[in-house]
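The structure appears right after this line, and notes come after that.
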């Protein structure tokens, strides 16, 4: 019982002795011609009722074959649909700048199935080949690839010159431009000034980097503002890009660029400043590190791992940074004043009530310790800074090492007196 159909002529099966069986075989032939059997088990059972017992027995092998193929159909269908969905959600993302942060982002983009292009003035060809990224030396070639999204991954200081050098007339008219800089008002204004109105603009700041996001992005904040996004497929494209970070578990924070910079100056810039100040002290690990001290060491390591250009960019291109730096300085002065003001009464007892210490003139003291005690010398009974204070015989010096860190050298000065109990006062006088 063979099929006698010819695909070229489109003829049906040859006539059989039974009309019912002929109808069954004709249906089966038409389905096989489609090369995708879609008959369910219920359909086959209905066809079996149309034929006699003898013919059903003869048709069993062919019927079993159809049922077996049809049983696998849902899985194949789901696989194809899944592939179509992945392809539909794929973006062609072009990275302008491919340093550490650009490579950091590219790995996650690739893991989610997106196509990644990279353009840089430095040679990252070998790294791109290893990662599966298309590296383009020429900016014209980069733009003619027509990426859906262009991500500016340069430093803050070079962002404007790089953006203005791109031949944006070679891009698709509705290309989405994204920045990932640590400041937001500057790139927003730059995009609006340089890019044609047909281009979409999305300002973002992943509040993490290659170190803090090394293993997972889950729970890490991702700040963004949809500065200028068109409707329809352009809005869908923006959502697809943001979904990359949402799928990784980022905490999505939609915030204006102005608000972002105000908050960042009081957090990110202050963090970098404190880390760099502590770095200048040359802090070292000790056998008795506390958890707090370990945190400070980690802060120094993280901040000094970033380039000074990044830190300078945080200062230069955030209008709020200068104010925060002044506030930090005032806060430090306030703490110093609070500390030394508590010493007045103790110093008065030690220095002026017959402790038998060598007396030194105020002018000599101030010249020996420039700036260290200004405003904090003990007061006499008239409320004026004392003309003479008692000092132990010691020397004071400090020097700056070749790497810029401040080394301590004889900076510990002990003013100790017997006040009727085992008590002493350790006073640190440093520049």
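In the numbering used here, the protein residues as written are 1 to 431. Cβ coordinates follow ideal geometry from the N, Cα and C atoms, glycine included.
query                                                                                                                                                                          : result
Check whether the stretch 211 to 218 touches the stretch 181 to 190, taking contact to mean three or more Cβ pairs, one atom from each stretch, closer than 8 Å.               : no
Below 8 Å on the Cβ atoms is my contact criterion, and I expect residue 251 with residue 221 to pass it. Report the Cβ-Cβ distance as a whole number of Å.                     : 5 Å
For residue 164, I'd like the list of residues in its chain whose CB is within less than 8 Å of its CB, leaving aside the five on either flank, ordered along the chain.       : 194
Quick check: what's the CA-CA separation for residue 131 versus residue 107?                                                                                                   : 7 Å
In the structure shown, what three-state DSSP assignment does residue 133 receive?                                                                                             : coil
Which residue or residues does DSSP assign as beta-bridge partners of residue 203?                                                                                             : 179, 225
Cβ of residue 148 within 7 Å of Cβ of residue 239?                                                                                                                             : no
Is the Cβ-Cβ distance between residue 98 and residue 124 less than 7 Å?                                                                                                        : yes
Any heavy atom of the ligand COA within a distance shorter than 6 Å of the CB on residue 211?                                                                                  : Ligands in the displayed structure: none, and consequently the ligand COA is not present.
Name the two residues that bound the continuous alpha helix (DSSP H) containing residue 456.                                                                                   : The question about residue 456 has no answer here: the residues shown for the chain are numbered 1 through 431.
Considering only the alpha carbon of each residue, which of 170, 141, 182, 169 lies closest to residue 152?                                                                    : 182
In the DSSP assignment, find the unbroken beta strand (DSSP E) run with residue 94 in it and report its ends.                                                                  : 92 to 96
Residue 154: which of 169, 118, 138 sits nearest, CA to CA?                                                                                                                    : 118
Taking buried to mean at least 16 other C-beta atoms within 10 Å of its own C-beta, is residue 372 buried or exposed?                                                          : Because residue 372 sits at a pLDDT of 47, beneath the cut-off of 50, its placement in the model cannot be relied upon, and the following sentence gives the value as read from the coordinates. Label assigned to residue 372: buried.
Compute the distance between the beta-carbons of residue 276 and residue 320, then report whether it is under 7 Å.                                                             : no
What three-state label does DSSP hand residue 22 in the structure shown?                                                                                                       : At residue 22, the pLDDT of 44 sits below 50, so the modelled position is not reliable; the number obtained from the coordinates is stated separately. Note: residue 22 maps to helix in three-state DSSP.
Answer yes or no: do residue 317 and residue 156 have a C-beta to C-beta separation smaller than 7 Å?                                                                          : yes
Under the rule that 16 or more other beta-carbon atoms within 10 Å means buried, what is residue 173, buried or exposed?                                                       : exposed
Whole-angstrom Cβ separation of residue 230 and residue 200, contact assumed at under 8 Å?                                                                                     : 6 Å
What's the gap between the Cα of residue 144 and the Cα of residue 223?                                                                                                        : 30 Å
Taking C-beta to C-beta, are residue 257 and residue 225 nearer than 7 Å?                                                                                                      : yes
Just the Cα atoms here: how many angstroms apart are residue 309 and residue 209?                                                                                              : 16 Å
Using alpha carbons as the reference points, say which of 175, 159, 213 lies closest to residue 104.                                                                           : 213
In terms of DSSP beta bridges, what is residue 254 paired with?                                                                                                                : 224
Starting from residue 293, follow the alpha helix (DSSP H) in both directions and report where the run begins and ends.                                                        : 291 to 305
Rounded to whole angstroms, what is the Cα-Cα separation between residue 323 and residue 272?                                                                                  : 15 Å
Comparing C-alpha positions only, which one of 247, 109, 159, 331 sits nearest to residue 270?                                                                                 : 331
Return the CA-CA distance between residue 89 and residue 232, expressed in angstroms with no decimal places.                                                                   : 15 Å
Can you list, in chain order, the residues of its chain with a C-beta nearer than 8 Å to that of residue 296? Leave out the 5 residues immediately preceding and following it. : 278, 283
Once DSSP output is grouped into helix, strand and coil, what is the label at residue 343?                                                                                     : coil
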